[in-house]
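This report concerns only the one structure given below.
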């Protein structure tokens, strides 16, 4: 179990941020928050993980920048083919073509196969963070840390099958109130709290908020995302792309 925990931590940029030498912080204006769900996604790999009994070594994640709705899939390799298939099957087929996707500069994301699919097939704008400011994809990085800690708890008794716990971990994350929107991703998209088992909640005592309609939840998310942007501008949250 200790090795699994360390792999999750090692695969999360947020967890490593204070261990790496930082470039000078640059004051810039953060990206304007999207006004609707599924316009902008952040993507990243978590890993390399211990090889599961099913042969998986990585977790490929994507998070919608408006609702904070996360998607994650355990995969055997961090390749351009994996990225393209994931986008086809998990983003486009379910939520439509995104306007923008933000990634780091990992080879799976910068490969010609990925770039061609995004730009020529989908017409999606690909924003890549610079090597000196990987935290510019902070929405995804923060989710990586949450998913990792949740997955660790779920698979504590069976670490060799950590990949089988990804779906349960996702459910817990989708039901958890997000600091930026002041609502859970589930509430922002569906206008109600999910009916889930107590074991699948995170910090259950903090989740008690009034029910809102779908439009009320989305309008609240818009307001809170704009407030979050102002806060980021004040503290100098980086947005460095190349």
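In my numbering, the protein residues as written are 586 to 827.
From the three backbone atoms N, C-alpha and C, an ideal C-beta is built for every residue, glycine too.
In this structure, residue 728 lies near residue 655, with their beta-carbon atoms less than 8 Å apart. Rounded to the nearest whole angstrom, the C-alpha separation of residue 628 and residue 688 is 5 Å. A direct Cα-to-Cα measurement between residue 746 and residue 740 gives close to 7 Å. Residues of the same chain with a CB within less than 8 Å of the CB of residue 681, apart from the 5 flanking positions on each side, are 623 in chain order. Beyond the five residues adjoining it in sequence on each side, residue 646 comes within less than 6 Å, by CB distance, of 629, 657 in the same chain, given in chain order.
When only Cα atoms are considered, residue 631 and residue 643 end up about 6 Å apart. For residue 657, the uninterrupted beta strand (DSSP E) segment begins and ends at 655 to 660.
If you look at residue 741, you'll find it isn't in any alpha helix (DSSP H); DSSP assigns it neither H nor E. When secondary structure is reduced to three states using DSSP, residue 754 falls in the helix class. In this structure, DSSP gives residue 748 a helical state, which the three-state scheme calls helix.
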